Amino acid sequence: MSSGTFISFEGIDGAGKSTHIARVADLFRQAGRAVVLTREPGGTPLSEKLRELVLHEAMDPLTEALLMFAARREHLVQVIEPALARGDVVLCDRFTDATFAYQGGGRGFDWQVLAQLERMVQQRPVDDATTAQAGHTPEASHTPHARHAREGEYPYLWQPDLTVWFDLDPLIAAERLASARVPDKFESQPAEFFAAVRAGYAKRQAEMPGRFARIDAAQSMEAVGADVSRIVNDWLQRSAA
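Just so we're aligned, residue 672 is where the sequence shown starts under my numbering, counting upward by one.
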């Protein structure tokens, strides 16, 4: 059973995730932990190729969702699962919540189809499923990275232990990104798209409140950084109890 720590960072571009992910990495390294910094879509050579397709090529919404989950499967198998098995800290710039937010919220793609793909791609190993069938819930057994799906369905899925959501008004995000770089196909979407993405994140948080921590990313960088440090430290104290 894995003993590592899996933290994801979510939010639309312009919310300031990258700066604070680096700071969290420093926090863990100072505590003597090995840290794996990664991202989605991406994280492996194949997943990075799929990332380029998803970010820059026009495609059918189902094709887009399938490519996201194909990249995620490779990422899980090649990077995340081995790192957690070693006891490392995995800090991931976006994970499955982004697919629900962007494809489910922004694109309006069927939420239940995304949930089916999530269960297919993120099933835990058989030994964890056996533990679940014996009547142990993730919360009761303090098993990291395991979360319930619907009752009677794949009881254990790979999920982050903690998800830090940098919530930001899309108009503020657009102002921050105005001269930052050439936008990809998602960043080029109108404000209405990102309002729907934001609503998708909120829906996902409502479905899995136990691992979500929302931060007001419109604050100053210092205030956001203080919130991130507090959230991570509080989570570490709770998980060690």
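Glycine included, every Cβ here is placed at the ideal spot set by N, Cα and C.
Quick caveat, the model's predicted, so the values are computed rather than measured.
Whole-Å CB distance - residue i paired with residue j, under 8 Å assumed
{"i": "Phe677", "j": "Ile751", "result": "7 Å"}
{"i": "Glu789", "j": "Leu828", "result": "7 Å"}
{"i": "Val895", "j": "Ile902", "result": "Not really, about 11 Å apart at Cβ, beyond 8 Å."}
{"i": "Gln774", "j": "Ala736", "result": "5 Å"}
{"i": "Phe699", "j": "Val760", "result": "5 Å"}
{"i": "Ala754", "j": "Phe837", "result": "Not really, about 23 Å apart at Cβ, beyond 8 Å."}
Element boundaries [beta strand (DSSP E), containing residue i]
{"i": "Ala756", "result": "Run containing Ala756: none in the beta strand (DSSP E); it sits in the alpha helix (DSSP H), Glu752 to Arg757."}
{"i": "Glu681", "result": "Thr676 to Glu681"}
{"i": "Arg882", "result": "Premise fails: Arg882 is in no beta strand (DSSP E) and is neither H nor E."}
{"i": "Asp764", "result": "Val760 to Asp764"}
{"i": "Leu833", "result": "Leu833 to Asp838"}
For residue j and residue i, the rounded distance between their alpha carbons
{"i": "Gln890", "j": "Arg778", "result": "28 Å"}
{"i": "Ser689", "j": "Ala729", "result": "26 Å"}
{"i": "Asp697", "j": "Val835", "result": "16 Å"}
{"i": "Cys763", "j": "Gly714", "result": "9 Å"}
{"i": "Glu863", "j": "Leu907", "result": "37 Å"}
{"i": "Thr734", "j": "Ser900", "result": "38 Å"}
{"i": "Ser674", "j": "Ser910", "result": "12 Å"}
{"i": "Pro712", "j": "Leu848", "result": "20 Å"}
{"i": "Asp905", "j": "Arg694", "result": "16 Å"}
{"i": "Gly687", "j": "Glu719", "result": "21 Å"}
{"i": "His746", "j": "Leu717", "result": "9 Å"}
{"i": "Glu723", "j": "Arg743", "result": "14 Å"}
{"i": "Ala786", "j": "Gln701", "result": "37 Å"}
{"i": "Glu893", "j": "Ala844", "result": "17 Å"}
{"i": "Tyr872", "j": "Gly703", "result": "32 Å"}
{"i": "Phe865", "j": "Leu721", "result": "22 Å"}
{"i": "Arg875", "j": "Pro831", "result": "13 Å"}
{"i": "Leu708", "j": "Asp781", "result": "30 Å"}
Enclosing alpha helix (DSSP H) for residue i [first to last residue]
{"i": "Pro715", "result": "Correcting the residue type first, residue 715 is Thr in the shown sequence and not Pro. Element bounds for Thr715: n/a, residue is neither H nor E."}
{"i": "Phe857", "result": "It is not in any alpha helix (DSSP H) - Phe857 carries neither H nor E in the DSSP assignment."}
{"i": "Asp697", "result": "Lys688 to Gln701"}
{"i": "Glu728", "result": "Premise fails: Glu728 is in no alpha helix (DSSP H) and is neither H nor E."}
{"i": "Leu747", "result": "From DSSP, Leu747 is part of no alpha helix (DSSP H); its letter is neither H nor E."}
{"i": "Asp768", "result": "Thr767 to Thr770"}
{"i": "Gln787", "result": "Trp782 to Val792"}
{"i": "Ala705", "result": "Per DSSP, Ala705 belongs to no alpha helix (DSSP H) and is neither H nor E."}
{"i": "Ala889", "result": "Looking at the DSSP string, Ala889 is not in any alpha helix (DSSP H), and its letter there is neither H nor E."}
{"i": "Arg795", "result": "Counting along the chain, Arg795 falls outside any alpha helix (DSSP H), and DSSP gives it neither H nor E."}
Residue j beta carbon less than 8 Å from that of residue i
{"i": "His727", "j": "Asp855", "result": "yes"}
{"i": "Leu839", "j": "Ile692", "result": "no"}
{"i": "Leu833", "j": "Arg882", "result": "yes"}
{"i": "Arg765", "j": "Arg710", "result": "yes"}
{"i": "Met739", "j": "Thr770", "result": "yes"}
{"i": "Ala867", "j": "Gly776", "result": "yes"}
Residue burial classification, residue i (beta-carbon count within 10 angstroms, cutoff 16)
{"i": "Arg869", "result": "buried"}
{"i": "Gln917", "result": "Residue 917 lies beyond the stretch modelled for the chain, which goes from 672 to 912, so this question has no answer here."}
{"i": "Val748", "result": "exposed"}
{"i": "Asp650", "result": "Not covered by the structure: residue 650. The range shown for the chain is 672 to 912."}
{"i": "Glu822", "result": "Because Glu822 carries a pLDDT of 33, less than 50, the predicted location of this residue cannot be relied on, and no value is offered for it."}
{"i": "Pro732", "result": "exposed"}
{"i": "Pro880", "result": "exposed"}
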